[in-house]
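Asker: Would you mind keeping the following structure in view while I ask a few things?
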Amino acid sequence: MSLTTAKVWVAGAEGGLGRAVTAALAARGVTACATDSTLDIANAAAVAALLDAERPTHLINCAAYTAVDLAEKEEAKARRANAEGPAVLARACAARGVWAAQLSTDYVFDGDKGAPYLEDDATGPRSVYGRTKLEGERAFRDALGERACVVRTSWLFSATGKSFPRTILKLLAERDELSVVADQHGRPAWAPDLAVVLLALAERRRSGTFHWANAGATTWHELACAVRDEAVARGLPVKARVIHPIPTSAYPTPAARPAWSVLSTARIEATLGMSPRPWRETLPDFFSALAAAGASAPR
3 MSLTTAKVWV AGAEGGLGRA VTAALAARGV TACATDSTLD IANAAAVAAL
53 LDAERPTHLI NCAAYTAVDL AEKEEAKARR ANAEGPAVLA RACAARGVWA
103 AQLSTDYVFD GDKGAPYLED DATGPRSVYG RTKLEGERAF RDALGERACV
153 VRTSWLFSAT GKSFPRTILK LLAERDELSV VADQHGRPAW APDLAVVLLA
203 LAERRRSGTF HWANAGATTW HELACAVRDE AVARGLPVKA RVIHPIPTSA
253 YPTPAARPAW SVLSTARIEA TLGMSPRPWR ETLPDFFSAL AAAGASAPR
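Numbering-wise, this note's numbering comes out as the position in the sequence shown, counting from 1, plus 2.
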């Protein structure tokens, strides 16, 4: 089905990825139905009413509880958004023949592999966030079967909302120096690039589990340094020129993070014939988007 004749429901449209997907749909002239957190996706009656009123042909679920550390205390809230909600959405879409995509995370893995994770590798989340996202994946597959599309991504960032690069920018302007974890490895994902991929999957109505992130493995420390360098080159306020690399043990958090969560994107590249660009190439777009929005750091 061509997306020109489709209607796409974007759930969680107020988040960075949701905004990017909605913008990508608008750029292509695709009819969209965008909902934010005022619609409880775990409320079966509300979801059914929305589907029957709007009659979308596709759903891209960007709604999620993403406060990784807070989830350790708010497990019920995380499970409602990340597991129960996707289950409700998937069952409702299955009953109406709606193609549906569920976003998931690299945190479904334990981080012990030391090589890029494939879609069929064993999972083993170390946090409430990772466990609830994995439950959401399974609920999606159970309801939609071979028509389920699950897309795992990692280190997602955008020019709106909270993200690691925006937090680093704020800290660079406020502090004399920073310390950033250097022994966790992953692949950053620029939300507008992921949005294009999600639309390609939707247009082809692909099913299965896929991994997507921008090309190139890195660490949080290396990413922070790249953000600093780009900020300096653009003449933005950077007080902290030194960023110290530290081990995870020196920065304990309530939720355990996988030390290695590099995702292989070979499957989705072969499926779509699209290769992700290197993550460093996305930083100019990130800064340009911040400037266009008139913002440089989270509020």
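Where is the CB? At the ideal position from N, CA and C, for every residue including glycine. All figures in this text were calculated on a predicted structure; none of them were measured in a lab.
Can you have a look at HIS213 and say buried or exposed, based on whether 16 or more other CB atoms are within 10 angstroms of its CB?
Answerer: On the sequence shown, residue 213 is found 211 positions in, with the first residue counted as 1. When all chains shown are included, HIS213 counts as buried.
Asker: Considering only the alpha carbon of each residue, which of ILE245, ARG279, GLU76 lies closest to ASP178?
Answerer: Walking along the sequence shown from the start, residue 178 turns up at place 176. The shortest C-alpha separation from ASP178 is found at ILE245.
Asker: Could you round the C-beta distance between CYS64 and GLY132 to whole angstroms and report it? I think they count as a contact, below 8 Å.
Answerer: Within the sequence shown, the letter at position 62 stands for residue 64. Within the sequence shown, the letter at position 130 stands for residue 132. About 18 Å; that fails the 8 Å criterion.
Asker: Hey, would you say ALA295 sits closer than 8 Å to THR125, going by beta carbons?
Answerer: For this step, residue 295 is matched to residue 293 along the sequence shown. For this step, residue 125 is matched to residue 123 along the sequence shown. No, these two residues do not count as a Cβ contact at 8 Å.
Asker: Pull up the DSSP beta-bridge partners for ARG154, would you.
Answerer: By one-based count along the sequence shown, residue 154 stands at place 152. Answer by DSSP bridge pairing, in chain order: SER106, HIS213.
Asker: Start and end of the alpha helix (DSSP H) containing VAL23?
Answerer: As a first step, residue 23 must be located in the sequence shown, where it is residue number 21. Its alpha helix (DSSP H) spans residues 18-29.
Asker: Helix or strand or just coil, what does DSSP make of THR284?
Answerer: Within the sequence shown, numbered from 1, the residue matching residue 284 stands at position 282. In the structure shown, THR284 sits in a helix (DSSP, three-state: H, G or I).
Asker: With 16 as the cutoff for other CB atoms within 10 Å, does SER312 come out buried or exposed?
Answerer: As displayed, the chain neither begins before 3 nor continues past 301, which places residue 312 out of reach and without an answer.
Asker: Per DSSP, what are the beta-bridge partners of THR221 in this structure?
Answerer: Within the sequence shown, the letter at position 219 stands for residue 221. Answer by DSSP bridge pairing, in chain order: HIS187.
Asker: Determine the direct distance from the alpha carbon of GLY87 to that of PRO127, and round the result to whole angstroms.
Answerer: Locating residue 127 in the sequence shown gives position 125, counting from the first residue. Locating residue 87 in the sequence shown gives position 85, counting from the first residue. Looking at the two C-alpha atoms, the distance is approximately 19 Å.
Asker: What does the Cβ neighbour count give for SER277, buried or exposed, with the cut at 16 atoms within 10 Å?
Answerer: The residue given as residue 277 occupies position 275 in the sequence shown. The residue is exposed, with fewer than 16 neighbouring Cβ atoms inside 10 Å.
Asker: Just to confirm the assignment, what range does the beta strand (DSSP E) spanning ILE245 have?
Answerer: By one-based count along the sequence shown, residue 245 stands at place 243. ILE245 -> beta strand (DSSP E) spans 244-248.
Asker: State buried or exposed for LYS241, treating a residue as buried only when at least 16 other CB atoms are found within 10 Å of its CB.
Answerer: The residue labelled residue 241 in the question sits at position 239 within the sequence shown. Counting Cβ neighbours within 10 Å, LYS241 comes out exposed, since fewer than 16 surround it.
Asker: Suppose the cutoff is 6 Å on Cβ atoms and the five residues either side in sequence are ignored; what does the same chain contact list for PRO194 look like?
Answerer: Residue 194 sits at position 192 when you count from the first residue of the sequence shown. Excluding positions up to five away in sequence, the list reads ALA22.
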